[in-house]
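Line by line, the protein sequences are chains A, B, C, D, E and F. Per the numbering used here, numbering through the first sequence is continuous, rising by one, with the last residue being 416. Per the numbering used here, numbering through the second sequence is continuous, rising by one, with the last residue being 416. Per the numbering used here, numbering through the third sequence is continuous, rising by one, with the last residue being 416. Per the numbering used here, numbering through the fourth sequence is continuous, rising by one, with the last residue being 416. Per the numbering used here, numbering through the fifth sequence is continuous, rising by one, with the last residue being 416. Per the numbering used here, numbering through the sixth sequence is continuous, rising by one, with the last residue being 416. Every residue gets a Cβ at the ideal spot worked out from N, C-alpha and C, and that includes glycine.
There are 6 protein chains.
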Amino acid sequence: MKLKIINPNTTQSMTDKIGQCAAAVAAPGTRISAVSPRMGPASIESHYDEALSVPGILDEILAGEQEGVDGYVIACFGDPGLYAAREVARGPVIGIAEAAMHMASVVGSSFSVVTTLARTCNIAWHLAERYGMKRFCNNVRACDLPVLELERPGSDARRIITEACRRALVEDRSECIVLGCAGMTDLCDEIADAIGAPVIDGVSCAVKLAEAMVSVRLGTSKRGDWARPLPKAYAGMLAPYALN
Amino acid sequence: MKLKIINPNTTQSMTDKIGQCAAAVAAPGTRISAVSPRMGPASIESHYDEALSVPGILDEILAGEQEGVDGYVIACFGDPGLYAAREVARGPVIGIAEAAMHMASVVGSSFSVVTTLARTCNIAWHLAERYGMKRFCNNVRACDLPVLELERPGSDARRIITEACRRALVEDRSECIVLGCAGMTDLCDEIADAIGAPVIDGVSCAVKLAEAMVSVRLGTSKRGDWARPLPKAYAGMLAPYALN
Amino acid sequence: MKLKIINPNTTQSMTDKIGQCAAAVAAPGTRISAVSPRMGPASIESHYDEALSVPGILDEILAGEQEGVDGYVIACFGDPGLYAAREVARGPVIGIAEAAMHMASVVGSSFSVVTTLARTCNIAWHLAERYGMKRFCNNVRACDLPVLELERPGSDARRIITEACRRALVEDRSECIVLGCAGMTDLCDEIADAIGAPVIDGVSCAVKLAEAMVSVRLGTSKRGDWARPLPKAYAGMLAPYALN
Amino acid sequence: MKLKIINPNTTQSMTDKIGQCAAAVAAPGTRISAVSPRMGPASIESHYDEALSVPGILDEILAGEQEGVDGYVIACFGDPGLYAAREVARGPVIGIAEAAMHMASVVGSSFSVVTTLARTCNIAWHLAERYGMKRFCNNVRACDLPVLELERPGSDARRIITEACRRALVEDRSECIVLGCAGMTDLCDEIADAIGAPVIDGVSCAVKLAEAMVSVRLGTSKRGDWARPLPKAYAGMLAPYALN
Amino acid sequence: MKLKIINPNTTQSMTDKIGQCAAAVAAPGTRISAVSPRMGPASIESHYDEALSVPGILDEILAGEQEGVDGYVIACFGDPGLYAAREVARGPVIGIAEAAMHMASVVGSSFSVVTTLARTCNIAWHLAERYGMKRFCNNVRACDLPVLELERPGSDARRIITEACRRALVEDRSECIVLGCAGMTDLCDEIADAIGAPVIDGVSCAVKLAEAMVSVRLGTSKRGDWARPLPKAYAGMLAPYALN
Amino acid sequence: MKLKIINPNTTQSMTDKIGQCAAAVAAPGTRISAVSPRMGPASIESHYDEALSVPGILDEILAGEQEGVDGYVIACFGDPGLYAAREVARGPVIGIAEAAMHMASVVGSSFSVVTTLARTCNIAWHLAERYGMKRFCNNVRACDLPVLELERPGSDARRIITEACRRALVEDRSECIVLGCAGMTDLCDEIADAIGAPVIDGVSCAVKLAEAMVSVRLGTSKRGDWARPLPKAYAGMLAPYALN
């Protein structure tokens, strides 16, 4: 089975880290490829960044369909372009926020999300609502860390995030923690050990969920909302996106 | 006051029609400019089209901020890129679905949306939820008309849409109708007369709402969710979108 | 266009203030008349006061229909009698809480209401729910000020309200503020300047929304919930309210 | 124990019927008095009628407090003035829609309301939401009968209502029926026998609920929302409503 | 009328206390029997305990149907086995959480539940949702007291619970208190006096609600969800539960 | 990894079928054991049956903890005893309704459940709400087939269920189908082929989800709701359930 993990930002160190975490949890028969798009923002910290990461994601999905990819993971906690991607994929396309929240609701009766900047909290709340997970989400907590701080050697991010997770357990009365950024994927086990409670990383969860779906032959329904888009003209620099 | 009406698709005949309807309702002191982006899909009928209309919309907003525009209308019923646009605008940015639904909830205690293709109904439902308008929305009805059929001379669209509106009043027990596509803007008064009930066109409503907000000096709050995005690098063909 | 602004309490100084604020934002062609009813409470601070303000409001609406009024604003933050008023009006009838909350949801992704007495907070919450705005309302904060304290020269109300608004931004993480009493209408710009964030005054918003609706020929739907009441006998001192 | 049953309309035949039904279910020690207010509409079939029934209801509550009444029932399915009444009563004040819906949710896992005119259905839906009962309410069905048709000798109302109840069981898949008008109170047992399923009459339920609350010494909480209104001036013909 | 009060745990001192409180509020013609099942946990403080209390409850209901019982109360705040019990009873079966929450929503516009252990708070929240009462429930507060501590002579429970109730009024802004354990039933009046606000005990409320329903001839609807279970084989030690 | 699949009813042919389906989708390293409890109902078609299946389920979970089981699946679409089971398990415990609904929400933007008897539809709706999946569930459809009819050779069940699935796609506008009974697990692929849309079987999904969770070292959080129950006495035939 071929799974393509798309890090929607263009920061290669983060893509590498995500790829390693994905490979570490993949089943023996699964081939993981982790990519960054050819275009777009270096990190995603706003609706603007998120919207502009989508052309790059769709470019990778369209290529993946040519390459025989069986399933996709969109590895940014805003799950950018998820529904658009599903329209052009046959197999499953899974967002890491989606996978993490679903899994968290089975692990505990409530969770807190610990994320980077406060301005992105609303995006997480919107996703929790969209996926039906709002009832399990006690809080979305920001650490006031820019995304790329997670990539900076010598950064204090690890300590700050662990501390936020610990406080979430107590102050939010949450029973487990969801890591709210793909860049935190390598911290998952360490934080779980430190705080003594389950910590959920969306990258691992999404990889396993994609594997599960492919193995029981579930992909994306082509009836209704996520059917293939109608063919039509595209203008300007987006002309290559025209389907037929 | 300068208002910019952005038709997110690249079909100029629709842009012209939207511009005329906007100008017809604008106050004496309002200057309307209606534009299509330099890039993107000829019509918007899927999540894919919608996502790929956003770079063009943002391009127009960024230009508008240089041109001294006071407020913006995004004239596609999916309100694509609305929150991203707000992050880079100072004044109000209003989606036509947003404006129409808010206005409809004051005109009647319930409404039905009448739109083009069935596959876009979910998009309208998502917006109704996002804006808090789900409780007023009795139904979203599709006419099985592609968007550009509304632009084709000799099309039967007018009759089909009117009939769908009439049925919505009876079958959905709705008290008014929201037109679910910017391309229907010119049909509003005619259908209202034909069915004997209020019909709400998002283009007109959004223009008046933008005027109202500018005149009482309300724009987009720059605290939190819609604050200006952080400066960062953008790669590939999206490099021009880097803010500073 | 003739707009009638009804202050549902009988305190003339408040009616005058409301009338001035309404006139200041009205378009050139709009004639504003601001009135207090002939009967009812000096201020509205309970369900009891609110219920007993309605006969006076309806009296003014019935008169307005004779006078050729095009649209109405009910200028009390509880929006008393709104649906009853709509049944007897042809044009739009807009409550100031309704207008302010709708407008606030476009200005920011969340708002706090700052109002007078704690006992009225529930009324604001009920309205937020009724209008679909609960999802945007982070908090309703009381200042422990009776309504008429806002009319008392030398009162400390201005300072107390400004302080409550400032705290709402920080503690509720709200992106804009809705003033929860018609008597605060004149404080709007001053508080906005003081706190550096948008402050929304329902009186201005309702005037502009009424103008907008009249100008695009939207009134109150006469199908269903807000159709004209059936003729019938009324007894006792309410006999004059019988319609025919 | 003294219970006062207020029929908010001024039609004495309906008041008499309501009083008889109330007396028939009251416990041995309960004294029932059933009254119509001195003012207001002959029947309640709109928001307008409902709003204008409230001064009469409050007049009866204020009198009841002087007369040593222990609890009140407001016997109109719109529960007009319920919260205002609670502010001026010490004991419980119960609306018949409230009592019927609560009881219905214990009798079956879902119910349908069968009421008079279609234009009042929204009022029932609003109450279902307000009381938390929307999740149990499968439908609100109108019979297209004016309220006073229930009082007309020789009317076909009985047959029409029974038929509507029967259809509600099948078409709405409801497990019991709530009668949506105080004027139907005498039909309850007969319809239950005819359709073979529980039928809930709000007048009986409200009487029993009021008795229950008084007997365990529960009244209306005077903290917060339903505390006694502040003293203030009332103008015009409403001057007698000023409290002190 | 015969009412059977089932304390789902096997602690006889608690059953006696519950029986006394039930008898104290029962009407003259009501015969109360209070029982503990022949099997099950000594106290109920988890989903596990709750699930394992249900066979004993159903055993008592099945026996009650033979004994001519008219109505049942399940006297544990988790309302264990309520729907299963309804399937095998003809008359009403009422849970004490259900009765208390319904009654509380009439007494005040919001309530707090004060219960024993923190781990049971979620159970109360689930019930509040299931009964439609979540909108009235401001908080569920735990006292960190095991259930049987309420039975221990010399315990400090009374003081701790009273204090929690007092704080709930202030910190949760609740207008009344619901006692979240059947073992608190005897404290109700004392706490109400101490805190000066209504305190609602589910045992009393459920007894009165059962009496009310029986007296107006309302039982459990046998259409749909709570119809009698189909006959079938039961294996092992549960063989006696097979119905026919 | 050892997974235990518990069929909560005592019908061995169904247990065998479930075991085969589970084994067919399990990963190479997974050992599946499928069991029926030693006690309980032959099929589960009511709240009563469901409640009485729980002692048997818990018995199997307690044994499984001794046997070194890594994860559990409860293979009845009512997910009986799920939370109680989680309290006594260290690893994940997954209900088949839970697994199927979560997976369905990723496969399509909406689903219909196709189940056996109408009286169990409410149970499915409750679960959809509890898991946050109500927003994706367009309908729960019953086939009017008793559960054991699925086990009867020569039954017409296969045809009836396929037809119900086909109608669900069209009439409910659902994008995929969830099979609402563990006894349908072997029909999944056949129906998917017949109707040309994804069909989701909870047994397969739950097995894959359990594998996924174990492989990323996620179990049941022991903080809060699903912590191990407190030790206490159990009486009567349930005495063996006392934990220590």
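Proximity of residue i and residue j at Cβ, strictly below 7 Å
i, j, result
"Gly408 of chain A", "Met186 of chain B", "no"
"Ala329 of chain E", "Leu317 of chain E", "yes"
"Leu224 of chain B", "Pro213 of chain B", "yes"
"Ile233 of chain D", "Ala261 of chain D", "yes"
"Ala269 of chain F", "Leu299 of chain F", "yes"
"Ser393 of chain D", "Gly280 of chain E", "yes"
"Glu217 of chain C", "Leu410 of chain D", "no"
"Cys348 of chain A", "Ala314 of chain A", "no"
"Leu320 of chain E", "Ser205 of chain E", "no"
"Glu323 of chain E", "Thr202 of chain E", "no"
"Glu301 of chain A", "Pro252 of chain A", "no"
Nearest-angstrom beta carbon gap, residue j and residue i [assumed within contact, 8 Å]
i, j, result
"Val197 of chain B", "Val379 of chain B", "6 Å"
"Arg258 of chain A", "Gly396 of chain B", "Not really, about 30 Å apart at Cβ, beyond 8 Å."
Closest by C-alpha distance to residue i, when choosing among the options
i, options, result
"Met305 of chain B", "B:Ser282, B:Thr183, B:Glu323, B:Gly391", "B:Ser282"
"Ile332 of chain A", "A:Ile266, A:Ile204, A:Asp251, A:Thr287", "A:Thr287"
"Phe194 of chain A", "A:Leu175, A:Gln184, A:Asn181", "Phe is not the amino acid found at residue 194 of chain A; the sequence shown has Ala there. The option with the nearest alpha carbon to Ala194 of chain A is A:Leu175."
"Cys293 of chain C", "C:Tyr244, C:His219, C:Gly236", "C:His219"
"Val207 of chain B", "B:Thr183, B:Pro227, B:Ala199, B:Pro200", "B:Thr183"
"Ala399 of chain E", "F:Asp365, F:Ala199, F:Thr357, F:Leu289", "F:Leu289"
Continuous alpha helix (DSSP H) stretch holding residue i: start and end
i, result
"Thr163 of chain E", "The requested residue 163 of chain E is not part of the displayed model; chain E covers only 173 to 416."
"Gly374 of chain E", "374–387"
"Lys189 of chain A", "184–197"
"Leu299 of chain C", "293–302"
"Tyr255 of chain C", "254–260"
"Cys353 of chain A", "Run containing Cys353 of chain A: none; DSSP gives neither H nor E here."
"Val278 of chain C", "268–279"
Element boundaries [beta strand (DSSP E), containing residue i]
i, result
"Tyr220 of chain B", "Looking at the DSSP string, Tyr220 of chain B is not in any beta strand (DSSP E); the run it does join, the alpha helix (DSSP H), is 219–239."
"Cys309 of chain F", "309–314"
"Ile178 of chain C", "174–178"
"Ile216 of chain F", "Element bounds for Ile216 of chain F: n/a, residue is neither H nor E."
"Val285 of chain E", "283–287"
"Ala206 of chain D", "203–207"
Own chain, CB closer than 6 Å to residue i, minus 5 neighbours either side, in chain order
i, result
"Ser346 of chain A", "Ser282, Phe283, Ser284, Asn310, Ala340"
"Ile363 of chain A", "Thr334, Cys337, Val371"
"Val350 of chain D", "Ala272, Ala276, Phe283, Val285, Ile372"
"Ile295 of chain C", "Gly250"
Own chain residues within Cβ distance below 8 Å of residue i, not counting five before or after
i, result
"His274 of chain C", "Tyr303, Met305, Cys377, Leu381"
"Ser277 of chain C", "Phe283, Met305, Phe308"
"Ala354 of chain A", "Asn179, Met186, Ile190, Ala247, Cys248, Phe249, Ile268, Gly374, Val375"
"Gly236 of chain B", "Lys176, Tyr244, Ala261"
Own chain partners of residue i with C-beta closer than 7 Å, once the 5 adjacent residues on each side are dropped
i, result
"Leu390 of chain F", "Pro264"
"Asp344 of chain F", "Ser284, Asn310, Asn311"
"Ala405 of chain A", "Ala414"
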